[in-house]
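Residue numbers (the working numbering), protein chains in the order written: chain A, 695 to 1296; chain B, 3 to 280.
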């Protein structure tokens, strides 16, 4: 059994790849559609959001987008649906305004070419550093989250002439993305202002001025004006909104900052940075410059707010918070250090800590974005727009599989005719297909666990074969360990590998190379009588591997420059080819050589 | 033996002819190759349509307002048209014009590239081919450690690319990013067969004629299988990107067969026989 250890390795890796691609948990069942976008005029706005799975509509199961389209075509009045395990009912007057797409059935991340959507490439007007580009991305991401486009992907891509921002929004039209890009947010910073009551009467303190506050029989009176919840009153240039009464305390929200009050958000190292804390946590800080009137309002509002001691951090805070809003939506809240209370501060420092460096950086960027009213740190110009219609994308994958099978059959027919034997051709087809499967398995996301199991299994097989004194084969050993490792890395974090058209092109190239190399192995191994006398089978296979290793190396090197070309538009082609060639020479070709050896050994 | 050497005339003529085609194209248009919009800027609009449309009518209606190119798309994936305009035209204007003359513009594919970006891609693509070429040259030299065979392999690769570009020009195939990727792939395939040939001839045993013949047999099998697979992809017409890759590789591999077996094999055999070394 262990004599065939290279074939055992191949089988383990195929199984691993199939699991990596197909093993998926459906928390809400296998039937449903995924929400892509909820438009502003939809009754579901604010309830449903991108990524939720709608499983039923008016009691009937939703089975795919076509079913959804049919069911929602003429819908009005009360609509019940369940989405991501929750039940909702909406009243539809005019339009339901929910865009959906089919649920992902595999762990493969298919590109826009196959799913439909919008791809936009933006270039900073002046030559921007990577950092500025990343800040722009943080800003756009914050906006995208705010407007319900959580799944929109933004990444920096480097070209030969600087950094670009690439936006990919699956299933969404260019109008929605453009709308988002043109949004200019309005920022508001509001401080929670408590007023303590005793005997239904209290005092509103703003700086050195005070106003009487009463709450008798549920009617709140401030400075002689009666306020219902959410009503506002402006005192001393400060807009105060009455929220509610909790116990003996009336809660108001005081608007202290507007967008124009934030004059500058510092990002230079002198005014902003990160400090490592114990246990891997990080504290971030940055300073903002606020206008005179903003600083004055802050001092007025925080006057007289009681303090409390926070045991966890060992610091003193005001019994209040500052709430940050963008376009009327609460996006963040911060505690206020006790020493700021009642003081005029024109350059407040904003601080926070997170459990690790990445999330601290992210939070810092998010806060900076909000304070800049979602304005971009640099002007971005649209340099390329790609709109891929879902109509053209639909059915592409099935067609690609069919085309691949047809190509495979053509190849096998040619091989069978050439060698007049099925024994050469059929293993070739199997090996070529297993290469595709392994590559796709590597590309699958969230599969690190599966590939680490494969790694351990491979290691066990290699060790057992070595223990039993089977032949030494360094390249097959390297392959047994390297390929699962690549599988673990790819599809995690920033190594998401999207299956796009160039990737399919790369797969074609890989299969072509694979078949070529297997023909070389077959021919070298099965050569005529004369050679059989002068070389042993092992030596012939060795020489075949000299040829294919050389050929594979040249292919890898031809593809390397493509990794950096055309801001990543054909990167998929290069990655697929390089990984495919590695899988080929390290895993499948050794297995094929062993199969041929076993089949023709006399 | 000498009759074998005479074969080198065919690839030489082919190469000269191709250089002529490219130079002629350059003199007429000022460009060495016809570039796709990805590499020069502009917009391509693709519409999938349920029924055939009158191409002449569309061209007439649109060419009054825009300078553009219209062509039909076919294949097993269905019928459609493609409209290409320069970077100065807004693709949305074209769509509304198409809509006005009664073409179904629902769910178009639009690819819009700014001129500046296209130029940058073009520059990078050229750089990539040059870099790839030098990397591969290094590997080939490392494999054989002999100057003449390595040069023969690399000159074969250059000829492949030049002749393929010339044929693309003749067939009216534009050079796109996908086309560049396939040219790099072609470099790889071309060198595959050359390495096979060189290894068999220089390191094989038996008569030179037999070694040559065995290499030819293996090499042709490799090329024919690849050609067969590519043709089936082309028939399927999965997408313009895949079709372009398949087209360029089909031309390139056919060219490579000529150059590997009529030029390179002659050079390597001549080198071996003169040296008496292998």
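Where a beta carbon is used, it is the ideal one built from N, C-alpha and C, also for glycine. Everything numeric in this text was worked out from a predicted model, so none of it was measured.
Quick check on the burial criterion: 16 or more other C-beta atoms within 10 angstroms. Buried or exposed for residue i?
i, result
"residue 1223 of chain A", "Residue placement at residue 1223 of chain A cannot be trusted, given a pLDDT of 49 that sits under 50; what the coordinates show is reported in the next sentence. The residue is exposed, with fewer than 16 neighbouring Cβ atoms inside 10 Å."
"residue 8 of chain B", "exposed"
"residue 40 of chain B", "buried"
"residue 1003 of chain A", "exposed"
"residue 56 of chain B", "exposed"
"residue 721 of chain A", "exposed"
"residue 957 of chain A", "exposed"
"residue 752 of chain A", "exposed"
"residue 101 of chain B", "exposed"
"residue 819 of chain A", "exposed"
"residue 1284 of chain A", "buried"
"residue 912 of chain A", "exposed"
"residue 1161 of chain A", "exposed"
"residue 275 of chain B", "exposed"
"residue 906 of chain A", "exposed"
"residue 1190 of chain A", "exposed"
"residue 1070 of chain A", "buried"
"residue 1080 of chain A", "buried"
"residue 266 of chain B", "buried"
"residue 111 of chain B", "buried"
Output yes if chain A places a C-beta closer than 8 Å to the C-beta of residue i; else output no.
i, result
"residue 107 of chain B", "no"
"residue 238 of chain B", "yes"
"residue 190 of chain B", "yes"
"residue 194 of chain B", "yes"
"residue 260 of chain B", "no"
"residue 234 of chain B", "yes"
"residue 137 of chain B", "yes"
"residue 241 of chain B", "yes"
"residue 201 of chain B", "yes"
"residue 230 of chain B", "yes"
"residue 204 of chain B", "no"
"residue 142 of chain B", "yes"
"residue 134 of chain B", "yes"
"residue 145 of chain B", "yes"
"residue 154 of chain B", "no"
"residue 226 of chain B", "yes"
"residue 247 of chain B", "yes"
Establish whether the CB of residue i and some CB of chain B are separated by less than 8 Å.
i, result
"residue 1249 of chain A", "yes"
"residue 1100 of chain A", "yes"
"residue 1143 of chain A", "no"
"residue 790 of chain A", "no"
"residue 1292 of chain A", "no"
"residue 936 of chain A", "no"
"residue 763 of chain A", "no"
"residue 639 of chain A", "A question about residue 639 of chain A goes unanswered here, because the residues of chain A that appear run from 695 up to 1296."
"residue 1223 of chain A", "Residue placement at residue 1223 of chain A cannot be trusted, given a pLDDT of 49 that sits under 50; what the coordinates show is reported in the next sentence. Chain B, which has no Cβ nearer than 8 Å to the Cβ of residue 1223 of chain A, makes this no."
"residue 1255 of chain A", "yes"
"residue 1196 of chain A", "yes"
With residue i and residue j assumed to form a contact (beta carbons below 8 Å), what rounded beta-carbon distance in angstroms separates them?
i, j, result
"residue 167 of chain B", "residue 24 of chain B", "6 Å"
"residue 165 of chain B", "residue 16 of chain B", "6 Å"
"residue 59 of chain B", "residue 89 of chain B", "Their Cβ separation, rounded to whole angstroms, is 26 Å, which puts residue 59 of chain B and residue 89 of chain B out of contact at 8 Å."
"residue 75 of chain B", "residue 36 of chain B", "The pair is not a contact, with the Cβ atoms about 18 Å apart (cut-off 8 Å)."
"residue 880 of chain A", "residue 988 of chain A", "Between residue 988 of chain A and residue 880 of chain A the Cβ distance is about 15 Å, and since that is not below 8 Å, they are no contact."
"residue 865 of chain A", "residue 935 of chain A", "Not a contact, Cβ separation roughly 38 Å."
"residue 1293 of chain A", "residue 1117 of chain A", "5 Å"
"residue 748 of chain A", "residue 775 of chain A", "6 Å"
"residue 728 of chain A", "residue 808 of chain A", "About 15 Å separates the two Cβ atoms, so there is no contact after all."
Discussion item. Output needed in chain order: residues of the region 1264–1288 of chain A with a Cβ under 7 Å from some Cβ in chain B.
Written reply: For the region 1264–1288 of chain A, which is checked against every Cβ of chain B, the residues closer than 7 Å are 1264, 1267.
Discussion item. So within the region 863–933 of chain A, which uninterrupted beta strand (DSSP E) runs reach at least 3 residues, ignoring any that extend past its ends?
Written reply: The region 863–933 of chain A is shown to contain whole beta strand (DSSP E) runs of 3 or more residues at 881–890, 895–900, 903–910, 913–916, 919–921, 926–929, in chain order.
Discussion item. To be precise: take each residue of the region 94–125 of chain B, compare its Cβ to all Cβ atoms of chain A, and keep it if any distance is under 7 Å. Which residues remain?
Written reply: Cβ contacts with chain A come from 109, 110, 111, 112, 113, 114, 115, 116, 118, 119, 122, 123, 125.
Worksheet item: Could you give the uninterrupted runs of the beta strand (DSSP E) lying entirely in the region 966–1030 of chain A, keeping only those of 3 residues or more?
Response: DSSP runs (the beta strand (DSSP E)) wholly in the region 966–1030 of chain A: 966–970, 976–984, 1001–1004, 1009–1020.
Practice prompt. Scan the region 778–861 of chain A and note each continuous alpha helix (DSSP H) run of 4 residues or more that stays entirely inside, going in chain order.
Written response: Here the runs fully enclosed are 806–809, 824–840.
Item to complete: Give, in chain order, every unbroken run of the alpha helix (DSSP H) that is at least 4 residues long and sits entirely within the region 1157–1186 of chain A.
Response: When DSSP assignments are scanned along the region 1157–1186 of chain A, the uninterrupted stretches of alpha helix (DSSP H) that are 4 or more residues long and fall wholly within it turn out to be 1168–1183.
Item to complete: Name, going along the chain, the residues of the region 160–186 of chain B whose beta-carbon falls closer than 9 Å to a beta-carbon of chain A.
Response: Of all residues in the region 160–186 of chain B, only 179, 180, 182, 183, 184, 186 come within less than 9 Å of chain A when Cβ atoms are compared, listed by chain position.
Practice prompt. Can you check the region 94–177 of chain B for any alpha helix (DSSP H) of at least 4 residues that lies completely inside it and give the ranges in chain order?
Written response: Runs found: 117–146, 149–173.
Discussion item. Threshold first: 4 residues or longer. Then list the alpha helix (DSSP H) segments lying entirely within the region 1236–1273 of chain A, N to C.
Written reply: Segments of the alpha helix (DSSP H) lying fully in the region 1236–1273 of chain A: there are none.
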